[in-house]
Amino acid sequence: MGLTGWYIHHHGAGHLTRFRAVRPYLPGDVVAFSSMPEPDDLPPATTWVPLDRDDDRPPGAPDPATADPTAGGLLHWAPLGHAGHARRFAAIAGALADRRFDRFVVDVSAEVALLVRLLGVPTVVVTQPGDRNDTPHRLAYASATRVLAPWPAGLHGSPATPAVVEVGGISRFDGRTREVEPEPGTVLVLGGGVADRDLAEAASATPGTRWQHAGGSTATWIADPWEALQRAEVVVAAAGQNSVADLAAAGARAVVVPQPRPFDEQVATGRILADRKLAVVEPAWPGPDAWPSVLDRARSLQPDWAQWRVSGAARRAADAIAQVRA
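Laid out in structure tokens, this is it:
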């Protein structure tokens, strides 16, 4: 099936999680490029190319955010005079010059998508929810051989290009079966961004409940939260694509609190979850007095998560990628 390149953005863990979910279904060798540390357990036939950061500020260097990073609005991030930015692009270009790549997945960067296409390699650009009609996004989508949308057909307004393939929500738990039933009174909080004080106040305001935090620090990190997801009567999570897909895979009753993200990504997802009655959606972390009512509303949900099309989504994504050839 040839050689696949895959760019993994370093912000958060979601892009790497999506790569891990799709990679087992993608045949052939894969070269991953990222500023993230190389994982200890890379899948077979996968090589990791470390990239320099393009957003740090070495001693004595100017702040890259003040170095015309958008090129007057044409790009998202290409700061002038930043050595790390130059080296990361040189590493990608060097790899593409040394070996023949049949396709290159970009998750996500408009600049990497354009660089790879300029070097003559077809791209599969991963799109995200929210308002993506700005010039850099439109350039990346227009230059792509395929645009991969990790949500069900018709859920979000997809880029205006025939190259879009909507595969459903991609979850690392796709294919797993329920082994335990929810325990009344249990609340699982997924991910970071929740202050310890807020969590403690919510637990104090809801006597009879047992709160567990999974993620956010090394002390609360759970490498595989599948059992905790099944056991929780209510799951509290942000509105990131992976988090929502994991909720769908578990059939969870959920409280979703969208986090501030560029292009209103999570706000857009939260709006859809509320419209489809899939979760209780709160615009911000509720105050202590609100939590009893919020949890009661979540417990009363009967979410039809099948509409998120998690089952088979990772395989459909791999198939869509493998079909792209130079």
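Each residue of the sequence shown is one higher than the one before, starting from -1 at the first, in our numbering. Using N, Cα and C, we set each Cβ at its ideal position, and we do this for glycine too. Note that the coordinates shown come from a computational prediction; the quantities given were computed from them, not determined experimentally.
Worksheet item: So residue 119 packs on residue 142, CB below 8 Å; how close in whole Å?
Response: Your pair residue 119 and residue 142 does not check out as a contact, with CB atoms roughly 11 Å apart and the cut at 8 Å.
Discussion item. So if DSSP puts residue 32 in a beta bridge, which residue, or which two residues, is it bridged to?
Written reply: Paired residue(s): 6 and 48.
Worksheet item: Three or more C-beta pairs closer than 8 Å, one from the region 279 to 288 and one from the region 79 to 95: is that the case here?
Response: No, the region 279 to 288 does not touch the region 79 to 95.
Discussion item. Would residue 213 and residue 183 be called neighbours here (beta carbons separated by less than 8 Å)?
Written reply: Not a contact, by the Cβ cut-off of 8 Å.
Item to complete: Reducing DSSP to helix, strand and coil, say where residue 201 ends up.
Response: In the three-state reduction of the DSSP assignment, residue 201 falls in the helix class, which pools H, G and I.
Discussion item. On the CB-based measure, 16 or more other CB atoms within 10 Å of its CB, does residue 151 come out buried or exposed?
Written reply: That one is exposed.
Discussion item. Helix, strand or coil, according to DSSP, for residue 12 in the structure here?
Written reply: Helix.
Practice prompt. Please list, in chain order, all residues of the same chain as residue 310 whose beta carbon is under 8 Å from its beta carbon, the five residues on each side excluded.
Written response: Excluding sequence neighbours, residue 310 sits near 166 and 172.
Worksheet item: How would you call residue 73, buried or exposed, if buried means at least 16 neighbouring beta carbons within 10 angstroms?
Response: Result: buried.
Discussion item. With a threshold of 7 Å on Cβ separation, who are the neighbours of residue 82 within its own chain once the five nearest residues in sequence on each side are excluded?
Written reply: Result list for residue 82: 50, 51, 52 and 54, in chain order.
Fill in: Whether residue 105 touches residue 262 by CB criterion (8 Å)
Not in contact: residue 105 and residue 262 (Cβ atoms no closer than 8 Å).
Fill in: residue 229 in three-state terms, based on DSSP
Collapsing the DSSP output to three states places residue 229 in a helix.
Worksheet entry | CB-CB length for residue 185 against residue 230, believed under 8 Å | A Cβ-Cβ separation of about 6 Å places residue 185 in contact with residue 230 under the 8 Å criterion.
Discussion item. In whole angstroms, give me the CA-to-CA distance for residue 317 and residue 218.
Written reply: Cα to Cα, the separation comes out at about 35 Å.
Item to complete: Could you work out which residue in 103, 79 and 39 is closest to residue 29 when comparing CA atoms only?
Response: Shortest Cα-Cα distance from residue 29 to any of 103, 79 and 39 involves 103.
Item to complete: Inspect the beta-carbon positions of residue 253 and residue 225 and report whether they are closer than 8 Å.
Response: With contacts defined by Cβ atoms closer than 8 Å, residue 253 and residue 225 do not form a contacting pair.
Practice prompt. Return helix, strand or coil for residue 283, following the three-state DSSP convention.
Written response: In the structure shown, residue 283 sits in coil (DSSP, three-state: anything other than H, G, I, E or B).
Worksheet item: Straight-line CA distance for residue 303 to residue 179?
Response: In this model, residue 303 and residue 179 are separated by some 17 Å (Cα to Cα).
Worksheet entry | Between the CA atoms of residue 125 and residue 8 - distance to the nearest angstrom | So the two alpha carbons sit approximately 16 Å from each other.
Worksheet item: For residue 265, which residues from the same chain have a beta carbon less than 7 Å from its beta carbon, with the 5 sequence-adjacent residues on both sides left out?
Response: Within the same chain, residue 265 has close Cβ partners 256.
Discussion item. Which residues does DSSP list as the beta-bridge partners of residue 27?
Written reply: Answer is 1.
Worksheet item: Looking at residue 267 and residue 37, is the spacing between their C-beta atoms short of 8 Å?
Response: Not in contact: residue 37 and residue 267 (Cβ atoms no closer than 8 Å).
Worksheet item: Looking at the structure shown, is residue 109 part of a helix, part of a strand, or coil, going by DSSP?
Response: Judged by DSSP in its simplified three-state form, residue 109 adopts helix.
Discussion item. Let me check one thing: in DSSP terms, what residues is residue 147 bridge-paired to?
Written reply: Paired residue(s): 164.
Item to complete: Compare the beta carbon distance of residue 323 and residue 100 with 8 Å and say whether it is the shorter of the two.
Response: At the C-beta level, residue 323 and residue 100 come within 8 Å of one another.
Worksheet item: From this set, 298, 144 and 169, which residue's C-alpha is nearest residue 157's C-alpha?
Response: Nearest of 298, 144 and 169 to residue 157, Cα basis: 144.
Discussion item. By DSSP's criteria, residue 252 is part of a beta bridge. Which residues make up the other side?
Written reply: BP columns for residue 252 point to 233.
Item to complete: Put residue 183 into one of helix, strand or coil per three-state DSSP.
Response: Here DSSP, grouped into helix, strand and coil, assigns residue 183 to strand.
Fill in: For residue 124, three-class secondary structure by DSSP
Annotated three-state conformation of residue 124 is strand, per DSSP.
Discussion item. Ignoring anything shorter than 3 residues, give me the beta strand (DSSP E) runs that lie fully in the region 71 to 105, in order along the chain.
Written reply: Entirely contained in the region 71 to 105, the beta strand (DSSP E) runs reaching 3 residues are, in chain order, 101 to 105.
Worksheet item: Hey, does residue 185 have any beta-carbon neighbour from chain C nearer than 8 Å?
Response: The structure shown contains no chain C, having only a single protein chain.
Discussion item. Taking only three categories from DSSP, how would you classify residue 292?
Written reply: Helix, per DSSP.
Item to complete: Identify whether residue 192 lies in helix, strand or coil by the three-state DSSP scheme.
Response: Three-state result, residue 192: coil.
Practice prompt. Specify, as a first and last residue, the run of the alpha helix (DSSP H) that residue 300 falls within.
Written response: Unbroken run through residue 300: none, as it is neither H nor E.
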